[in-house]
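Q: Note that my numbering has the sequence shown beginning at 483, numbered continuously upward.
Heads up, the beta-carbon is just placed ideally off N, CA and C, and yes, glycines get one too.
Just so you know, these numbers come straight off a predicted model, no measurement behind them.
Next up is a structure, given as structure tokens.
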Amino acid sequence: MALASDTSGPAPPDRHVLALLGPLARRIDVMRRDGSVGRDPAFIERYRGLVRALTWYFSPEVRGLDNLPEDGPVLIVGNHNAVFYMPDVWITANAIVDRRGLSRPAYAMAYDLLFAIPGVGPALRRFGALPGRQASAEQVLAEGAALVVYPGGDWEACRPWRERNTIDFGGHTGFARVALRTGVPVVPVVAHGSHDTVIVASRGERIARMLGLGGLRIRVFPIMVGPPFGLTTVLAPPLPLPSAITVEFLPALRFDPPPDPDAPDPDYVDACAARVVSAMQEALDRLHAERAHPVGRGLVALARRVLPG
483 MALASDTSGP
493 APPDRHVLAL
503 LGPLARRIDV
513 MRRDGSVGRD
523 PAFIERYRGL
533 VRALTWYFSP
543 EVRGLDNLPE
553 DGPVLIVGNH
563 NAVFYMPDVW
573 ITANAIVDRR
583 GLSRPAYAMA
593 YDLLFAIPGV
603 GPALRRFGAL
613 PGRQASAEQV
623 LAEGAALVVY
633 PGGDWEACRP
643 WRERNTIDFG
653 GHTGFARVAL
663 RTGVPVVPVV
673 AHGSHDTVIV
683 ASRGERIARM
693 LGLGGLRIRV
703 FPIMVGPPFG
713 LTTVLAPPLP
723 LPSAITVEFL
733 PALRFDPPPD
743 PDAPDPDYVD
753 ACAARVVSAM
763 QEALDRLHAE
773 RAHPVGRGLV
783 ALARRVLPG
């Protein structure tokens, strides 16, 4: 998917910037090729209470959890929100554990850069996060796990405020290819209100290109608006708004197996991906119509819980 329509584009990234990013890019590549699985149920249980305490601020509601199989392999496809705050991700993760328990493995694909940060990468692996590799996805699904993916990545997580109720995977269809190769059901999960927690003015894709962030597989450098800084960037992020978040698991989708599962026809892959996006957009439109003004509702709910009487 093209990031900008103009052909002139920004100036190429400064060579000194590239020199600084090069070692990090190489470290990310090493982390990405590391397919080790380090999920630790005891570690997850230890922090579940903290996750619930943090997401309490967003008045979470989970719907349709019965649509998630209690056992067996399943690919869970979600819409990505709220830049790096991502409160719906943690709400979804807790709901999956509620439904399937800690003994049944569940994993999530996470952005490669996070695994290159000392201390963060090992903790993410203990939570069940994996770098975004198709081989790793197919491995854990073959072992009967649940796998959560957010195909929109940073492109969707940093979409502008006016697009907050739009599903935008940025043309990524790899999740459909994985589903076809493994034959597992796809359970879409839609979050409404999460992207209302942060007002994104612009993705800042031109800034990202000027900084040479493409070498780190980063396409955005979001410009945001919010307290306490007003207009700001990821270098000084605003505080998240207490928007009420609704997470809904939709009925499972199953695709007819292609003639060659190992190399499914690209047009069929696109059609399957479009079917998932369509189901998610329909659900998000419904939730938006039903639960308009999530920030206002979240403020009222928070006030009722915090203020005496």
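If distances are taken between C-alpha atoms only, which option among R608, R685 and R545 comes closest to D522?
A: Your numbering for residue 522 matches position 40 in the sequence shown. Nearest option by C-alpha distance: R608.
Q: Leaving out five residues on either side along the sequence, give the residues of the same chain with a beta carbon under 6 Å from the beta carbon of S541.
A: The residue labelled residue 541 in the question sits at position 59 within the sequence shown. Cβ neighbours of S541 beyond the five flanking positions: A726, G780 and A783.
Q: Can you determine whether any heavy atom of the ligand NAD sits closer than 7 Å to the C-beta of G554, and answer yes or no?
A: As presented, the structure is devoid of all ligands, the ligand NAD included, so that no description of it is given.
Q: How far does the alpha helix (DSSP H) with A658 in it reach, from first residue to last?
A: Against the sequence shown, residue 658 aligns to sequence position 176. From DSSP, the alpha helix (DSSP H) with A658 extends over G656 to T664.
Q: As a quick exercise: from I649, A524 and P642, pick the residue whose alpha carbon is nearest that of V565.
A: For the purposes of this step, residue 565 is taken as residue 83 along the sequence shown, with counting starting at 1. Minimum Cα distance to V565 is reached at P642.
Q: Does DSSP classify M591 as helix, strand or coil?
A: Reading the sequence shown from its first residue, position 109 is the one you call residue 591. Of the three classes helix, strand and coil, the one that applies to M591 here is strand, per DSSP.
Q: Which partner residues does R545 have in the DSSP bridge list?
A: Taking the sequence shown and counting its residues from 1, the one referred to as residue 545 is at position 63. Paired residue(s): E730.
Q: Return the CA-CA distance between M706 and E625, expressed in angstroms with no decimal places.
A: The residue given as residue 706 occupies position 224 in the sequence shown. The residue given as residue 625 occupies position 143 in the sequence shown. About 41 Å.
Q: Thinking C-alpha only, which one of L662, V666 and Y589 is nearest V631?
A: Numbered from 1 along the sequence shown, position 149 holds the residue referred to as residue 631. The shortest C-alpha separation from V631 is found at Y589.
Q: So what does DSSP say about A627, is it helix, strand or coil?
A: Counting from 1 along the sequence shown, the entry for residue 627 is found at position 145. A627: coil per DSSP, three-state reduction.
Q: Can you tell me where the beta strand (DSSP E) with L557 in it begins and where it stops?
A: The residue labelled residue 557 in the question sits at position 75 within the sequence shown. Note, L557: beta strand (DSSP E), V556 to G560.
Q: What would DSSP say about S487, mapped onto helix, strand or coil?
A: As a first step, residue 487 must be located in the sequence shown, where it is residue number 5. Its pLDDT being 29, under 50, S487 is placed unreliably by the model, and nothing is read from it.
Q: Check L612 in the structure and name its three-state DSSP category.
A: By one-based count along the sequence shown, residue 612 stands at place 130. In the structure shown, L612 sits in a strand (DSSP, three-state: E or B).
Q: By how many angstroms is the C-alpha of G601 removed from the C-alpha of A577?
A: Looking up residue 577 in the sequence shown gives position 95. Looking up residue 601 in the sequence shown gives position 119. In a straight line, the C-alpha of A577 is about 26 Å away from that of G601.
Q: Can you tell me where the beta strand (DSSP E) holding L713 begins and where it ends?
A: Sequence index remark: in the sequence shown, residue 713 carries index 231 (1-based). Element bounds for L713: G712 to T715.
Q: For I526, which residues of its own chain have a beta-carbon under 8 Å away from its beta-carbon, when the five flanking residues on both sides are left out?
A: Here residue 526 refers to the residue found at position 44 of the sequence shown. Taken in chain order, the residues that qualify are V579, L584, R608, F609 and G610.
Q: Assuming S684 is part of the beta strand (DSSP E), what are its boundary residues?
A: To locate residue 684, count along the sequence shown from 1; it is residue 202. Its beta strand (DSSP E) spans residues I681 to S684.
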